[in-house]
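Asks: Count along the sequence shown starting at 1, add 114, and that's the number in the numbering used here. Here a beta-carbon is modelled for each residue, glycine too, at the ideal position from N, C-alpha and C. Here the structure is a predicted model, which is why all the values come from computation and not from measurement.
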Amino acid sequence: MASSSGLSISGVGSGLDIQGIVSQLVQAEGAPRRNLLASREASYEATLSGLSKLKSAASELSSAAFDLRSLDTFRSRAVTSSNEDILTATASPGTALGKYQVEVGQLATAQKQASAGFADSTATVGSGQLTFDTSSSSFSVAVAAGDSLATIRDKINGASGNDSVQASILNVDDGAGGTEARLVFSARETGTANAVTVTATDDDGNNTDAAGLSRLASANLTELTAAQDAQVTIDGLSVTSSTNQVDGVIEGMTLNLNQAQPGTKVEVAVEGDNGPVLEALNSFVEKYNALNSTYRNLTAYNAETEQGGVLQGDATANGINRGLRSLLGGNIGTGTIDNLAEIGIQIDSEGKMTLDEAKAEEALNSDSQAVKDFLTDPTNGLSQQVDELLQPYLSFDGIIDNRTDSLNRSIDRIEDQRAALDRRMENYRDSLTTQFTAMDKIVQNMQSSASYLSRIGINVGS
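Pasting the structure below:
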């Protein structure tokens, strides 16, 4: 019995393994084409991988170049204080450079008030309502007859609208060898505007006496710490602040007050900060070297294996490399500084870039504007020119994207070609199977005829 692909075929007449023979012939016929398609696919995929690595490294260099022209990079400020025990300071980018004489006469404090002593935190006070007022807020707490000191504390701390007071209980010496509990009201914020006034609506009918709930009114509390504003003198001019973080008096600067020292002047100096510029330059050098290393690995030729990198001779990779070497190795812009060497950057024969930070800082200290122009000029600056060079390769629908799309289409076509080859090989298999089956049938018929003649006494071979 004969059948096509997928079924067992054996030669009844010839005794040959027709299925095995056909499979070997089909394999031999299709192998060269399959190998060619596999080789092309591997080459396309290797190129895709190489282009992806190249684009990633080039994108990081582009980002590092963009950071060079960040507005804040050259506007960063360093602030020093001649006495950090008294105050420290910070300045936002662009704060005017200068020196200031600052005297801290008084720190801002938060008000703290304490009640008279009670036996312990379970003691009851009375009933009614307590109201807590500041210059900008107010809230009330209802107190029941059985509420203990601890319960009142918890009600105050959990009250809706309470953003001004923190209640606590202190267990202190009572002066007679024992202890007593005191309810303490601490303002959450410093400054006189945040002082808290406590009033009582006492169910005993007297809201001001030292009995019942009115014992917790401000009139009957001891002020442990008075609310006060910070007092600062800056270059002889007086300033008050509700907090010890004084913002905006010197535009762009924050003074952090640590200690009051009336009569002691602290010099606060605002200077340009080279740190962010050096950091940005180091990042640019690092990303350039990463791209250079990626390029060299992808395009290198190994003499021992006689194999080239996946992008050896690739026009895209070579275009990026040649463009950068030409740009960075020549004059950039038309300013006082017009080449990388003047800011401490060198490129060796293998394309490796190095930064001499001391020379870069020297250039910044000597003429920071010239360095800024060299790096950030919107037409001829280093950052702009690197961006203009790389964007045609990196942009959406740019050179690398188009190459990638083309390679992916080629891989898709290979899949189509494989499918076509599979169909052709199946047809070839069917054709061979038909031929071998017919041959086997002839052999079988011949064998049957010989057997018949032999039975009737005719010697076929004589």
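Just list the alpha helix (DSSP H) runs in the region 395-458, keeping only unbroken ones of 4 residues or longer that don't cross its boundaries, in chain order.
Replies: Within the region 395-458, the complete alpha helix (DSSP H) runs of at least 4 residues are 429-443.
Asks: For the beta strand (DSSP E) containing residue 353, name the first residue and the last one.
Replies: Stepping through the sequence shown from its first residue, residue 353 is reached at position 239. It spans 351-355 - the beta strand (DSSP E) in which residue 353 sits, taken as one unbroken run.
Asks: Can you tell me the Cα-Cα spacing of residue 246 and residue 297, whole angstroms?
Replies: Residue 246 sits at position 132 when you count from the first residue of the sequence shown. Residue 297 sits at position 183 when you count from the first residue of the sequence shown. If I take the Cα positions, the gap works out to 14 Å.
Asks: Figure out for me which residue from 323, 508, 366 has the closest Cα to the Cα of residue 230.
Replies: Translated into positions along the sequence shown, residue 230 becomes position 116. The residue with the shortest Cα to Cα distance from residue 230 is 323.
Asks: Please give the ranges of any beta strand (DSSP E) in the region 141-196, keeping only runs that are unbroken, at least 3 residues long and fully inside the region.
Replies: Those beta strand (DSSP E) runs which fall completely within the region 141-196 and span 3+ residues are 191-195.
Asks: Quickly, what does DSSP pair residue 297 with across the bridge? List them, please.
Replies: Counting from 1 along the sequence shown, the entry for residue 297 is found at position 183. DSSP, once it has assigned bridges, lists 283 as partnering residue 297.
Asks: So, using beta-carbon positions, are residue 342 and residue 218 closer together than 8 Å?
Replies: Taking the sequence shown and counting its residues from 1, the one referred to as residue 342 is at position 228. Taking the sequence shown and counting its residues from 1, the one referred to as residue 218 is at position 104. No, the pair does not count as a contact, with Cβ atoms beyond the cut-off.
Asks: Taking the alpha carbon of residue 305 as the point to measure from, which residue in 241, 221, 366 has its own alpha carbon closest?
Replies: Looking up residue 305 in the sequence shown gives position 191. Ranking 241, 221, 366 by Cα distance to residue 305 puts 221 first.
Asks: I believe residue 490 touches residue 497 by the beta-carbon criterion, under 8 Å. Please report the beta-carbon distance rounded to the nearest angstrom.
Replies: If you number the sequence shown from 1, residue 490 lands on position 376. If you number the sequence shown from 1, residue 497 lands on position 383. Right, the Cβ-Cβ distance comes to about 6 Å (below 8 Å), so this counts as a contact.
Asks: Would residue 320 count as contacting chain B if we go by Cβ distances under 8 Å?
Replies: Looking for chain B here will not work: only one protein chain is present.
Asks: Using three-state DSSP, classify residue 466 as helix, strand or coil.
Replies: Start at 1 with the first residue of the sequence shown, and residue 466 comes out as number 352. Note: residue 466 maps to coil in three-state DSSP.
Asks: Using the C-alpha atoms, what's the distance from residue 442 back to residue 452?
Replies: Start at 1 with the first residue of the sequence shown, and residue 452 comes out as number 338. Start at 1 with the first residue of the sequence shown, and residue 442 comes out as number 328. For residue 452 and residue 442, the distance between alpha carbons rounds to 10 Å.
Asks: Rounded to a whole number of angstroms, what is the C-alpha to C-alpha distance between residue 349 and residue 386?
Replies: Here the question's residue 349 lines up with position 235 in the sequence shown. Here the question's residue 386 lines up with position 272 in the sequence shown. So the two alpha carbons sit approximately 21 Å from each other.
Asks: Kindly give me the distance between the Cβ atoms of residue 521 and residue 150, rounded to whole angstroms, as I take these residues to be in contact under 8 Å.
Replies: Within the sequence shown, numbered from 1, the residue matching residue 521 stands at position 407. Within the sequence shown, numbered from 1, the residue matching residue 150 stands at position 36. With 8 Å as the limit, residue 521 and residue 150 do not qualify as a contact, their Cβ atoms being about 17 Å apart.
Asks: Applying the 10 Å Cβ sphere with the 16-neighbour rule, what's the burial state of residue 133?
Replies: For this step, residue 133 is matched to residue 19 along the sequence shown. With 16 or more Cβ atoms within 10 Å of its Cβ, residue 133 is classed as buried.
Asks: Should residue 402 be labelled buried (16 or more other beta-carbon atoms within 10 Å of its own) or exposed?
Replies: Here residue 402 refers to the residue found at position 288 of the sequence shown. With 16 or more Cβ atoms within 10 Å of its Cβ, residue 402 is classed as buried.
Asks: My understanding is that residue 281 touches residue 271, with C-beta atoms under 8 Å, so please give their C-beta distance in whole angstroms.
Replies: Locating residue 281 in the sequence shown gives position 167, counting from the first residue. Locating residue 271 in the sequence shown gives position 157, counting from the first residue. Contact flag correct, Cβ pair sits at about 5 Å.
Asks: Evaluate the contact criterion for the region 535-546 versus the region 166-180: three or more CB pairs, one atom per stretch, below 8 Å.
Replies: These segments do not touch.
Asks: How should residue 388 be labelled, buried or exposed, when 16 other C-beta atoms within 10 angstroms of its C-beta is the threshold for buried?
Replies: Sequence index remark: in the sequence shown, residue 388 carries index 274 (1-based). By the neighbour-count rule (16 or more Cβ atoms within 10 Å), residue 388 is buried.
Asks: By the DSSP assignment, the beta strand (DSSP E) with residue 316 in it spans what residues?
Replies: The residue labelled residue 316 in the question sits at position 202 within the sequence shown. Looking at the DSSP string, the run of the beta strand (DSSP E) that includes residue 316 is 311-316.
Asks: Give the single residue among 449, 136, 346, 207 whose Cα lies nearest to the Cα of residue 486.
Replies: Reading the sequence shown from its first residue, position 372 is the one you call residue 486. Here the closest residue by C-alpha is 449.
Asks: Could you name the residues that DSSP lists as bridge partners for residue 328?
Replies: Walking along the sequence shown from the start, residue 328 turns up at place 214. DSSP, once it has assigned bridges, lists no residue as partnering residue 328.
Asks: Three or more beta-carbon pairs under 8 Å between the region 350-367 and the region 315-331, yes or no?
Replies: Too few Cβ pairs lie closer than 8 Å, so no.
Asks: How about residue 308 and residue 223: are their beta carbons less than 8 Å apart?
Replies: Sequence index remark: in the sequence shown, residue 308 carries index 194 (1-based). Sequence index remark: in the sequence shown, residue 223 carries index 109 (1-based). Contact: no.
Asks: Whose C-alpha, out of 517, 210, 214, is nearest the C-alpha of residue 202?
Replies: Position 88 of the sequence shown, counted from the first residue, corresponds to residue 202. The shortest Cα separation from residue 202 among 517, 210, 214 belongs to 214.
Asks: Would you mind sorting residue 211 into buried or exposed? The rule is 16 or more other CB atoms within 10 Å of its CB.
Replies: The residue you call residue 211 lines up with position 97 of the sequence shown. It is exposed - the Cβ of residue 211 has fewer than 16 other Cβ atoms within 10 Å.
Asks: Pairs of beta-carbons, one from the region 469-479 and one from the region 428-436, closer than 8 Å: are there three or more?
Replies: Taking 8 Å as the limit for Cβ pairs, the verdict is that the region 428-436 does not touch the region 469-479.
Asks: State the DSSP-derived secondary structure class of residue 389, mapped to helix, strand or coil.
Replies: Start at 1 with the first residue of the sequence shown, and residue 389 comes out as number 275. Three-state DSSP puts residue 389 in a helix.
Asks: Quick one: Cα of residue 368 to Cα of residue 378, how far?
Replies: One-based indexing of the sequence shown puts residue 368 at position 254. One-based indexing of the sequence shown puts residue 378 at position 264. Each residue's alpha carbon lies about 19 Å from the other.
Asks: Closest by CA to residue 299, which one among 391, 227, 556, 510?
Replies: Taking the first residue of the sequence shown as 1, we reach residue 299 at position 185. Of 391, 227, 556, 510, the residue nearest in Cα terms is 227.
Asks: Here's the rule I'm using: 16 or more other beta-carbon atoms within 10 Å means buried, otherwise exposed. How should residue 276 be labelled?
Replies: Counting from 1 along the sequence shown, the entry for residue 276 is found at position 162. Buried: at least 16 other Cβ atoms inside 10 Å.
Asks: Tell me which residues share the same chain as residue 512 and place their Cβ nearer than 8 Å to its Cβ, disregarding the 5 neighbours each side in the sequence.
Replies: Along the sequence shown, read from residue 1 onward, the residue named residue 512 stands at position 398. These residues qualify, in order along the chain: 505, 506.
Asks: With residue 216 as the anchor, note down where its beta strand (DSSP E) starts and where it stops.
Replies: Taking the first residue of the sequence shown as position 1, residue 216 is located at position 102. Run containing residue 216: 212-220, per the beta strand (DSSP E) assignment.
Asks: Locate the alpha helix (DSSP H) running through residue 499, then write down its first and last residues.
Replies: The residue you call residue 499 lines up with position 385 of the sequence shown. Per DSSP, residue 499 belongs to the alpha helix (DSSP H) from 496-508.
Asks: Going by DSSP, what residue range makes up the alpha helix (DSSP H) through residue 478?
Replies: Against the sequence shown, residue 478 aligns to sequence position 364. It spans 471-490 - the alpha helix (DSSP H) in which residue 478 sits, taken as one unbroken run.
Asks: Taking residue 131 as part of the alpha helix (DSSP H), name the residues at either end of that continuous run.
Replies: As a working note, residue 131 is residue 17 in the sequence shown. No alpha helix (DSSP H) contains residue 131, which DSSP labels as neither H nor E.
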